[in-house]
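Colleague: Residue numbers (the numbering used here): 301 to 984.
Note that the Cβ used here is the ideal one computed from N, Cα and C, for glycine as well.
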Ligand code: IVH
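#1: Does the Cβ of residue 521 lie closer than 6 Å to at least one heavy atom of ligand 1?
#2: In terms of alpha-carbon separation, which member of 447, 802, 361, 749 lies closest to residue 336?
#3: Output needed for residue 973: all residues of its chain with C-beta closer than 6 Å, excluding positions within five of it in sequence on either side, in chain order.
#4: Can you check which of these residues, 657, 694, 652, 665, is closest to residue 675 by C-alpha distance?
#5: Cα-Cα, which of 410, 472, 561 is closest to residue 439?
#6: Assign residue 1013 to buried or exposed, taking buried as 16 or more other Cβ atoms, counted over all protein chains shown, within 10 Å of its Cβ.
#7: Kindly give me the distance between the Cβ atoms of residue 908 and residue 942, rounded to whole angstroms, as I take these residues to be in contact under 8 Å.
#8: Check whether the Cβ of residue 951 sits closer than 6 Å to any heavy atom of ligand 1, and report yes or no.
#9: Mind checking whether residue 975 and residue 899 have CB atoms under 7 Å apart?
#10: Please list, in chain order, all residues of the same chain as residue 389 whose beta carbon is under 8 Å from its beta carbon, the five residues on each side excluded.
#11: In terms of alpha-carbon separation, which member of 705, 736, 329 lies closest to residue 722?
#12: Drop a sphere of 10 angstroms on the beta-carbon of residue 700, count the other beta-carbons inside from all chains shown, and report buried for 16 or more, exposed for fewer.
#13: Can you tell me whether DSSP reads residue 472 as helix, strand or coil?
#14: Measure the C-alpha to C-alpha separation of residue 539 and residue 523 and round it to an integer number of angstroms.
#15: With distance defined between alpha-carbon atoms, name the residue in 866, 734, 921, 437 nearest to residue 827.
#16: Residue 453 by DSSP, collapsed to three states: which one?
#17: Measuring only from the beta carbon, is residue 540 closer than 6 Å to any heavy atom that is part of ligand 1?
#18: For residue 543 versus residue 465, is the C-beta spacing smaller than 7 Å?
#19: So who's on the other strand from residue 634, going by DSSP bridges?
#20: Taking buried to mean at least 16 other C-beta atoms within 10 Å of its own C-beta, is residue 333 buried or exposed?
#21: On the criterion of 16 or more Cβ atoms from any shown chain inside 10 Å, does residue 934 qualify as buried, or is it exposed?
#22: Is it true that the stretch 753 to 772 meets the stretch 842 to 854, where meeting means three or more beta-carbon pairs spaced less than 8 Å apart?
#23: Name, in chain order, the residues that DSSP records as bridge partners for residue 931.
#24: Please name the residue, chosen from 656, 623, 662, that lies closest to residue 668 on a Cα-to-Cα basis.
#25: Any contact between the stretch 396 to 404 and the stretch 424 to 434? By contact I mean 3 or more CB pairs, one from each, below 8 Å.
#26: Which residue marks the beginning of the beta strand (DSSP E) containing residue 709, and which one marks its end?
#27: Please confirm if the stretch 910 to 930 is in contact with the stretch 952 to 963, defined as three or more CB-CB distances below 8 Å between the two stretches.
#28: What would DSSP say about residue 877, mapped onto helix, strand or coil?
#29: Which first and last residues belong to the alpha helix (DSSP H) in which residue 458 is found?
#30: Which residue comes first and which comes last in the alpha helix (DSSP H) that contains residue 679?
#31: Is it buried or exposed for residue 488, if we count other Cβ within 10 angstroms and need 16 for buried?
#32: Within 8 Å, do at least three Cβ pairs link the stretch 399 to 413 to the stretch 626 to 643?
#33: Do you know how far the Cα of residue 556 is from the Cα of residue 589?
#34: Evaluate the contact criterion for the stretch 563 to 582 versus the stretch 611 to 618: three or more CB pairs, one atom per stretch, below 8 Å.
#35: Within 10 angstroms of the Cβ of residue 301, are there 16 or more other Cβ atoms? Answer buried if so, exposed if not.
#36: Under a three-way DSSP split, which group does residue 916 fall into?
Here's what the structure looks like:
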């Protein structure tokens with residue numbers, strides 16, 4: 301090293317040390333004035349001796365005027381997010397579940413969890429090689445994010461070089477303090493709603509010299525590197541040693557012994573968050589012993605060894621304008637609340653399903669009431685409570701069907717219209733028949749169907765194939781192109797398999813899974829099913845695996861009906877397929893020849909405890925069965941998934957012991973939502 305280089309190295313090291321004292325330890329070692337002098341000197345020297353420029357020099361903090369393009373880069377670690385909880389009960393369930401899971405795997409019974417603040421900022425991953433910062437990448441979709449290295453280097457609290465020459469990835473949150481936000485926001489033309497948005501806007505500025513002017517900060521909370529310590533608490537210590545800024549505001553709880561104390565801690569922290577210098581939107585609980593994390597495992601999106609407690613379940617205030625009734629094709633009545641539109645968690649909500657009368661009674665909900673609206677599991681709109689009662693009593697489902705005026709009957713938790721010819725039910729059957737998962741008739745969505753139906757052109761399913769669509773030419777919005785397209789898709793729907801046609805008829809309990817079951821059991825034509833019904837042998841059906849006596853009988857009763865037989869005869873004349881082609885059966889591709897994949901196929905679910913959104917819980921199981929799964933009353937070894945509600949009994953421990961996947965209500969809701977399944981149970 302020549303003299304110039306030595307001088308530069310020493311000066312950089314001095315600045316680095318004072319940075320560390322100032323930013324990480326919060327204990328300045330020199331005055332601001334002296335520090336500024338050192339920086340000036342460094343800039344002058346680097347200008348004079350450009351050969352010795354270095355990417356980890358503190359001068360990098362000034363940024364540059366060059367434009368960054370924020371190239372997309374792949375993360376080398378999975379950048380997962382956290383599962384969320386909104387109540388202490390959910391946290392306690394998580395503790396119980398973790399404990400049971402560790403027990404089932406014969407792992408430590410005494411473990412601890414560490415509580416951290418959930419910083420409301422931007423998630424970032426810092427990559428180091430041999431102790432040098434090589435890249436700063438936004439979280440992105442968890443697999444790849446944007447390279448914002450130039451901007452990250454300007455953040456004083458990000459070490460450009462670590463105290464040991466290690467390689468690894470480090471996760472943290474970039475944020476702005478509340479006072480800095482107040483000050484900067486008042487100077488900006490465009491004001492930001494909160495520190496997070498301003499920090500986010502800053503981190504995406506094209507010129508890093510602009511970013512350097514904003515005092516962004518960072519807390520590092522996870523490290524992925526060789527020889528990391530044994531607990532998260534020790535790792536935070538080590539991260540600090542390495543030069544990272546960590547958040548000291550943590551607490552450790554021995555579990556399950558101190559589980560009771562969590563509630564108090566949460567309460568205190570929620571109350572005290574206003575006094576913090578930065579925004580937090582919740583708390584994070586993590587299993588402290590790092591060796592226990594892998595055994596607890598991961599779902600696709602988040603680790604099971606951590607859980608975020610969110611302070612605010614996003615909620616909005618609204619009022620109940622009206623309750624409409626939907627009559628499903630099965631006759632089930634679903635009340636739907638029409639509310640004053642309200643923005644909750646980024647989406648406008650106007651309609652909220654109210655499920656059934658019990659649900660409405662529990663809320664004591666009436667027209668005109670002021671209500672609190674939320675999105676359960678962050679997605680599904682729900683009315684949480686009545687905030688101001690303006691009506692005199694809870695709204696009641698009327699006695700007569702709003703569509704056909706026949707008397708409604710209560711069966712279980714639901715009301716039903718039992719009139720098969722009820723107009724709304726017929727329309728429901730038509731819409732179902734043409735739907736994407738059934739006959740998949742392109743161009744015949746619910747709106748067009750409603751039009752055909754209201755005009756009286758189509759009353760029953762076979763009419764779809766006999767109506768002269770050229771008549772539509774006279775109506776607004778129906779050009780030749782649209783008509784021909786519809787005719788073509790009707791024509792090609794005649795190629796749909798027997799399995800699909802069978803399901804599309806809309807018999808109750810006859811979903812894709814049941815159709816496959818019947819065909820695989822040798823019922824290769826509609827006629828063979830009619831013959832079976834005529835013989836009245838329900839035992840022949842109920843002996844099939846996964847089909848109960850009641851379901852078998854229900855099916856046979858429907859198959860006996862003349863109405864169905866007439867419809868099938870008409871549809872057969874139109875060219876629809878009512879026989880399973882043997883060639884296709886032989887190749888055992890029933891699932892592959894165009895039937896949609898089912899969300900729950902191959903799975904057997906059991907439910908335990910009580911649920912907020914599924915009252916009774918059989919509603920959840922119905923949904924599972926509807927989408928290809930099997931439901932089981934008791935927890936036996938054929939069960940693959942346990943749906944876990946509040947106040948779960950002994951089933952939880954048993955499921956843990958048998959390694960059955962455990963799914964909470966909010967996880968289930970997310971699953972349902974992500975699979976694009978309709979939660980409108982009246983369509984079941
Ligand atoms: S741990 C696998 N700890 O919250 C580890 N995240 O919804 C997952 N966050 O993307 C992250 N403070 O951006 C963790 N103390 C903290 C956190 C924290 C804020 C953010 C982070 C993450 C999001 C999860």
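Modeller: Here's the rundown:
#1: The residue given as residue 521 occupies position 221 in the chain shown. Checking the Cβ of residue 521 against ligand 1 gives yes.
#2: In the chain shown, residue 336 corresponds to position 36, counting from 1. The shortest Cα separation from residue 336 among 447, 802, 361, 749 belongs to 361.
#3: Taking the chain shown and counting its residues from 1, the one referred to as residue 973 is at position 673. Contacts found: 679.
#4: For the purposes of this step, residue 675 is identified with residue 375 of the chain shown, where counting begins at 1. For residue 675, the nearest C-alpha among the options comes from 652.
#5: Locating residue 439 in the chain shown gives position 139, where the first residue counts as 1. When each option's Cα is compared against that of residue 439, the closest is 472.
#6: There is simply no residue 1013 to check, as the chain begins at 301 and stops at 984 in what is shown.
#7: Counted from its first residue, the chain shown places residue 908 at position 608. Counted from its first residue, the chain shown places residue 942 at position 642. Yes, they are in contact, since the Cβ atoms of residue 908 and residue 942 sit about 6 Å apart, within 8 Å.
#8: Position 651 of the chain shown, counting from 1, holds the residue named residue 951. Result no, Cβ not under 6 Å from ligand 1.
#9: Taking the first residue of the chain shown as 1, we reach residue 975 at position 675. Taking the first residue of the chain shown as 1, we reach residue 899 at position 599. Closer than 7 Å, so yes.
#10: Taking the first residue of the chain shown as 1, we reach residue 389 at position 89. Around residue 389: 946.
#11: Working through the chain shown from its first residue, we reach residue 722 at position 422. Comparing Cα positions, the closest option is 705.
#12: In the chain shown, the residue the question calls residue 700 occupies position 400. With fewer than 16 other Cβ atoms within 10 Å, it is exposed.
#13: For the purposes of this step, residue 472 is taken as residue 172 along the chain shown, with counting starting at 1. Of the three classes helix, strand and coil, the one that applies to residue 472 here is strand, per DSSP.
#14: If you number the chain shown from 1, residue 539 lands on position 239. If you number the chain shown from 1, residue 523 lands on position 223. Whole-angstrom Cα-Cα distance: 7 Å.
#15: For the purposes of this step, residue 827 is identified with residue 527 of the chain shown, where counting begins at 1. For the residues 866, 734, 921, 437, the minimum Cα distance to residue 827 belongs to 866.
#16: To locate residue 453, count along the chain shown from 1; it is residue 153. Residue 453: coil per DSSP, three-state reduction.
#17: Stepping through the chain shown from its first residue, residue 540 is reached at position 240. The answer is no for residue 540.
#18: On the chain shown, residue 543 is found 243 positions in, with the first residue counted as 1. On the chain shown, residue 465 is found 165 positions in, with the first residue counted as 1. Result no, Cβ atoms of residue 543 and residue 465 do not sit closer than 7 Å.
#19: Here residue 634 is taken as the residue at index 334 of the chain shown, counted from 1. Beta-bridge pairing links residue 634 to 626.
#20: Within the chain shown, the letter at position 33 stands for residue 333. So residue 333 counts as exposed.
#21: Residue numbering aside, residue 934 sits at position 634 when the chain shown is read from its first letter. Result: exposed.
#22: no
#23: Numbered from its first residue, the chain shown carries residue 931 at position 631. Bridge partners of residue 931: 905.
#24: Along the chain shown, one-based indexing puts residue 668 at 368. If we check each option's Cα against that of residue 668, 623 comes out closest.
#25: no
#26: Here residue 709 is taken as the residue at index 409 of the chain shown, counted from 1. Start and end: 708 to 711.
#27: no
#28: On the chain shown, residue 877 is found 577 positions in, with the first residue counted as 1. Here residue 877 sits in coil by DSSP.
#29: Counted from its first residue, the chain shown places residue 458 at position 158. No alpha helix (DSSP H) holds residue 458; DSSP gives it neither H nor E.
#30: If you number the chain shown from 1, residue 679 lands on position 379. Residue 679 -> no alpha helix (DSSP H), and no H or E assigned at all.
#31: Indexing the chain shown from 1 puts residue 488 at position 188. So residue 488 ends up on the exposed side.
#32: no
#33: Locating residue 589 in the chain shown gives position 289, where the first residue counts as 1. Locating residue 556 in the chain shown gives position 256, where the first residue counts as 1. Rounded to the nearest angstrom, the two C-alpha atoms are 14 Å apart.
#34: yes
#35: The residue you call residue 301 lines up with position 1 of the chain shown. Burial call: exposed.
#36: Locating residue 916 in the chain shown gives position 616, counting from the first residue. Coil at residue 916, not helix or strand.
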